[in-house]
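Student: In the numbering used here, the protein residues as written are 8 to 115. First the structure, then my questions, so here it is.
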Amino acid sequence: MVKTVKERSAKAAQKRLAFAEKELRHKVRPGIEQAMERIQLRGQVPMISEVLQIDIMKMDLMGDDELAVFLSYPRHEIVINEKVARDFQEKSMLMIQQSPGDEIISPG
8 MVKTVKERSA KAAQKRLAFA EKELRHKVRP GIEQAMERIQ LRGQVPMISE VLQIDIMKMD
68 LMGDDELAVF LSYPRHEIVI NEKVARDFQE KSMLMIQQSP GDEIISPG
């Protein structure tokens with residue numbers, strides 16, 4: 008016999024209660040969504056929720072140091088080339104010399 012929508016919903020609700028399931032919602036920007044889609048394709052995992060569950064289980068198995076490195080957000084490092092720094096210093100000195108009354112303090 009075919010179950011009604013109401014019966015299926017009731018059964019699903021009982022199942023969620025039995026397993027203590029909780030719904031988590033998370034808003035993301037398009038770049039994160041695109042990355043998730045690429046991960047799903049590469050890992051051949053059709054559901055985002057499954058990808059996230061696998062990620063969480065694997066992170067839980069990591070040691071503290073490994074997890075801290077994994078969760079650190081990548082930051083851009085700004086490196087100023089010596090030539091650029093020298094050119095900036097020279098042009099700054101020229102500008103200062105053109106303004107009367109400014110004193111020049113060279114860096115230590």
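Here a beta-carbon is modelled for each residue, glycine too, at the ideal position from N, C-alpha and C. Values in this document were obtained by computation on a predicted structure and should not be read as measured data.
Would Val35 and Ile46 qualify as a contact pair, given that the criterion is a beta-carbon distance under 9 angstroms?
Tutor: The residue you call residue 35 lines up with position 28 of the sequence shown. The residue you call residue 46 lines up with position 39 of the sequence shown. Taking 9 angstroms as the Cβ cut-off, Val35 and Ile46 do not qualify as a contacting pair.
Student: If we call anything under 9 angstroms between Cβ atoms a contact, is Ile55 one with Met43?
Tutor: Taking the sequence shown and counting its residues from 1, the one referred to as residue 55 is at position 48. Taking the sequence shown and counting its residues from 1, the one referred to as residue 43 is at position 36. In this structure, Met43 lies closer than 9 angstroms to Ile55 by Cβ.
Student: Runs of 4 residues minimum, wholly inside the region 32 to 74: which ones carry the alpha helix (DSSP H) assignment?
Tutor: Entirely contained in the region 32 to 74, the alpha helix (DSSP H) runs reaching 4 residues are, in chain order, 37 to 50 and 55 to 68.
Student: I need the straight-line Cα distance from Val52 to Lys90, nearest angstrom please.
Tutor: One-based indexing of the sequence shown puts residue 52 at position 45. One-based indexing of the sequence shown puts residue 90 at position 83. Near 49 angstroms, if we compare the C-alpha coordinates of Lys90 and Val52.
Student: On the three-state DSSP scale, how would you describe Lys13?
Tutor: As a position in the sequence shown, residue 13 is number 6, starting the count at 1. If DSSP states are grouped into helix, strand and coil, Lys13 belongs with the helices.
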